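In the numbering used here, the protein residues as written are -12 to 302.
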């Protein structure tokens, strides 16, 4: 038996409504129906659980119900965080990450039915959740600025998300970065990609540079670019060692997934012949490298000093 709607919270209503739409098979053409359900909710900002997806489904509700149109809604590329629940002993227990969006208002919209937000997930928790934003300002060109707050734990400050906009006139629009999703990494880049020195072993001598490097990265998407940028002559010349398969020298290859963390390990078997005195390198990881998406680039360059192995030393 269904619960009395009067006893349900806005979070319960949103989850229930979207679950009903899924069961009825509402498609892109049903965006107006989805809008009417969602926009009857109170105008609140915050996070709610989105309906769970089956293993076969590759899109969230906003991608399924909305039309991709970055003229109507887009991520501006700006985000910031505020510490919540500070603890004098352990620091911040949680952070509220604000995501800045731009939307284009439409003539004749019913503002009671207007909503802007994101669908997001973290590396550690792939559950898709919906956060609803709040209006902030109208720009000189008539577009509006909205801020969407997402509350996460201190250990989950890397988000994958798309932006959605229900315009109050029966339409839903989405900016999902051409299907690749946007990324916010609120913190150092090593949260996304990092060299693992404790697994790496490289030597430099008269024969050249030889050994193995290990790299840990966040599994943001199957499509990715990963490369080691290196030099043996103080950056007079540069070598880029890209991706390949196990057994190929000087090519990065997948090794294993780290359980329960949304991370994976890659390795590269380095073999650069020719006498050298010094091997210096950094690692770059790019997300959004297909479909004309916005590319997000993350570096581990050892805090700006690069990783260095000298003759006679072992890294």
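Backbone N, C-alpha and C fix where the C-beta goes; we use that ideal spot for every residue, glycine too. Treat the numbers as computed from the prediction; the structure is a model and nothing was measured.
Practice item. Tell me, please, whether the region 189 to 204 touches the region 78 to 92 by the rule of three or more beta-carbon pairs shorter than 8 angstroms. Key: Taking a contact to require three or more Cβ pairs closer than 8 angstroms, the region 189 to 204 and the region 78 to 92 do not qualify as touching.
Review point. Could you give the uninterrupted runs of the beta strand (DSSP E) lying entirely in the region 242 to 274, keeping only those of 3 residues or more?
Key: 250 to 260, 265 to 274
Review point. Helix, strand or coil: how does DSSP classify residue 76 here?
Key: coil
Exercise for review: Hey, could you find the ends of the alpha helix (DSSP H) residue 52 is sitting in?
Suggested key: Counting along the chain, the alpha helix (DSSP H) containing residue 52 begins and ends at 48 to 52.
Point to revise | Local Cβ density within 10 Å of residue 66, reported as buried at 16 or more and exposed below that | key: buried
**Study point:** Residue closest to residue 151, alpha-carbon to alpha-carbon, out of 175, 120, 181
**Key:** 120
Check your understanding: For residue 186, which of helix, strand or coil comes out of DSSP?
Key -> helix
Review point. Is DSSP giving residue 177 helix, strand or coil here?
Key: helix
Point to revise | Sequence ranges, beta strand (DSSP E) only - wholly within the region 208 to 232, length at least 3 | key: 211 to 218, 226 to 228
Practice item. Examine the Cβ distances between the region 133 to 142 and the region 199 to 210 and report whether three or more of them are shorter than 8 angstroms. Key: no
Point to revise | Cβ-Cβ distance between residue 283 and residue 274 below 8 angstroms | key: With contacts defined as CB atoms closer than 8 angstroms, residue 283 and residue 274 qualify as a contacting pair.
Review point. In chain order, what residues of the same chain lie with their CB nearer than 6 angstroms to the CB of residue 93, ignoring the 5 residues before and after it?
Key: 154, 156.
Exercise for review: Specify the secondary structure class of residue 100 as computed by DSSP and reduced to three states.
Suggested key: helix
Exercise for review: Tell me whether residue 228 is buried or exposed, calling it buried when 16 or more other Cβ atoms sit within 10 Å of its Cβ.
Suggested key: buried
Practice item. Please check the pair residue 338 and residue 53, which I expect to be a contact at CB under 8 angstroms, by giving their CB distance rounded to whole angstroms. Key: The structure shown does not extend to residue 338, since the chain spans only -12 to 302, so no value can be given for it.
Review point. CB-CB under 6 angstroms to residue 290, same chain, minus the five flanking residues each way: which ones, in chain order?
Key: none
Exercise for review: Determine, using beta carbons only, whether residue 168 and residue 145 come nearer to each other than 8 angstroms.
Suggested key: no
Check your understanding: Per DSSP, residue 87 is paired with what?
Key -> 134
Practice item. Identify the continuous beta strand (DSSP E) that holds residue 110 and give its terminal residues. Key: Taken as a continuous stretch (DSSP letters only), residue 110 belongs to no beta strand (DSSP E), as it is neither H nor E.
Review point. If you draw a straight line from the C-alpha of residue 260 to the C-alpha of residue 212, how long is it?
Key: 25 angstroms
Practice item. Put residue 55 into one of helix, strand or coil per three-state DSSP. Key: strand
Exercise for review: Using beta-carbon positions only, say whether residue 132 and residue 89 come within less than 8 angstroms of one another.
Suggested key: yes
Review point. Considering only residues of the same chain and omitting the five flanking positions on each side of residue 247, which have a CB-CB separation below 8 angstroms?
Key: Correct list, in chain order: 111.
**Study point:** Same chain only: Cβ atoms within 6 angstroms of residue 244, ignoring 5 sequence neighbours per side
**Key:** 251
**Study point:** Close Cβ partners of residue 295 (< 6 angstroms) along its chain, the five nearest in sequence each way excluded
**Key:** The residues 267, in chain order, have a CB closer than 6 angstroms to that of residue 295 in the same chain once the five nearest residues on each side in sequence are set aside.
Check your understanding: In terms of DSSP beta bridges, what is residue 235 paired with?
Key -> None; residue 235 has no bridge partner.
Check your understanding: How big is the Cα-Cα spacing for residue 263 and residue 219?
Key -> 6 angstroms
Point to revise | CB of residue 287 within 8 angstroms of CB of residue 171, strictly | key: No, the Cβ-Cβ distance between residue 287 and residue 171 is not below 8 angstroms.
Point to revise | Own chain residues within Cβ distance below 7 angstroms of residue 70, not counting five before or after | key: 79, 82
**Study point:** Pair within 8 angstroms by beta-carbon distance, residue 254 and residue 271
**Key:** Contact flag unset, no.
Practice item. Determine the burial state of residue 222: buried for a count of at least 16 other Cβ atoms within 10 Å of its Cβ, exposed for fewer. Key: exposed
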